[in-house]
Each structure stands twice: as C-alpha cells, then as structure tokens.
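Note that the working numbering gives residue 110 to position 111 of the sequence shown, counting from 1, and the numbers run on in steps of one.
Note that CB positions come from ideal geometry on N, CA and C, so glycine has one too.
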Amino acid sequence: MPSYLSKIECLEELKKNYVAKLGYISKDCPFIVPITYYFDEEEDCILAYSVQGHKIEGMRKNASVCLYIDSITSVKKWKSVLIHGAFEELSEVDSAFYLNRLGEGVRDLLNDEKDKETKAMDEFSNVKFPYGEPIVYRIKIWDITGRYRD
0 MPSYLSKIEC LEELKKNYVA KLGYISKDCP FIVPITYYFD EEEDCILAYS
50 VQGHKIEGMR KNASVCLYID SITSVKKWKS VLIHGAFEEL SEVDSAFYLN
100 RLGEGVRDLL NDEKDKETKA MDEFSNVKFP YGEPIVYRIK IWDITGRYRD
C-alpha cells in the first residue's frame, strides 16, 4: 500500500535528481515536458533554463507550475514527488550566474553517480543554443509532497 514521504524525504529525492517533468498551462491547456533542473538548497528553489518558445510563453502568462519526479523500480516499488510553485524568469544580469550554478550542480550529480556514463556529462557541458540565448528561470516552491511503495 502506498505511503507518504516526509518533506525531508521529498527534498532528498529532489536533490539527487536532475531530470523532471514540468507541468504548465498554455492557452488554457495543460502541458508536461521533460526538463533538466538543479535544486538550489541555499535559495530553496529549482533552477532551469530553456530557449524562447511555447513553454516560456505559457509560464510568462501563468506562473503557476508543477514539477514531477519519479523513481520506478517495479509496480510494487516506486517513489514520486510533486512540487507546486511559481515560475520566475531571471534577469539577464542574474542569468549567467544561475546558469553556471545549474550547470555545476548537474555536473556534480553526474560525477557522483557511478553508473552514469561520462558521455552524459560531456553532453550537458557542451550544450549549444542555436535558437537563441537561454532563458534562465527558477521555480519558487510553494508545496512539496511525495508518495512511495516499497
């Protein structure tokens, strides 16, 4: 039977991952897309980036978002965490600092994971932005809940 994760357990799951599903609303319709993120413990927020497009336009119009992380081993063994929060686009002045912080955080996670290939680290380090400069944003956390089955 599923049980609830404590807030501390939810934050641990958030800290040890770097890929999640972002939920947002655009033109009165819900969307879910995968993103790379970093949980910034110091500021208690989630850092992410994107180029200009559908997702950014949607979040600019409706800042309420959610982030979903799961870890599924089997039907009888899984964890899931759901975060509700607010999109906040960072200024150009802050963008470089926070994009660097996000990159370092994700690289540290990849370095810590023994089963990850170094190729993943190289791919993240060498991300190019052919469609414009990245828009760096954070998600201020309103609520975090989680469930698990073991």
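Query, Result
"Pair within 8 angstroms by beta-carbon distance, L89 and R137", "yes"
"Cβ shell of Y97 (< 6 angstroms), same chain only, five flanking positions each side left out", "L46, L89, V135"
"Continuous beta strand (DSSP E) assignments of at least 3 residues falling wholly in the stretch 11 to 70", "18 to 25, 28 to 39, 44 to 49"
"Among Y37, Y23, R59, the one whose alpha carbon lies nearest that of E12", "Y37"
"For V80, the first and last residue of its enclosing beta strand (DSSP E)", "76 to 88"
"S94 (DSSP reduced to helix, strand or coil)", "helix"
"Inter-stretch contact at 8 angstroms, needing at least 3 Cβ pairs: the stretch 97 to 106 / the stretch 76 to 88", "no"
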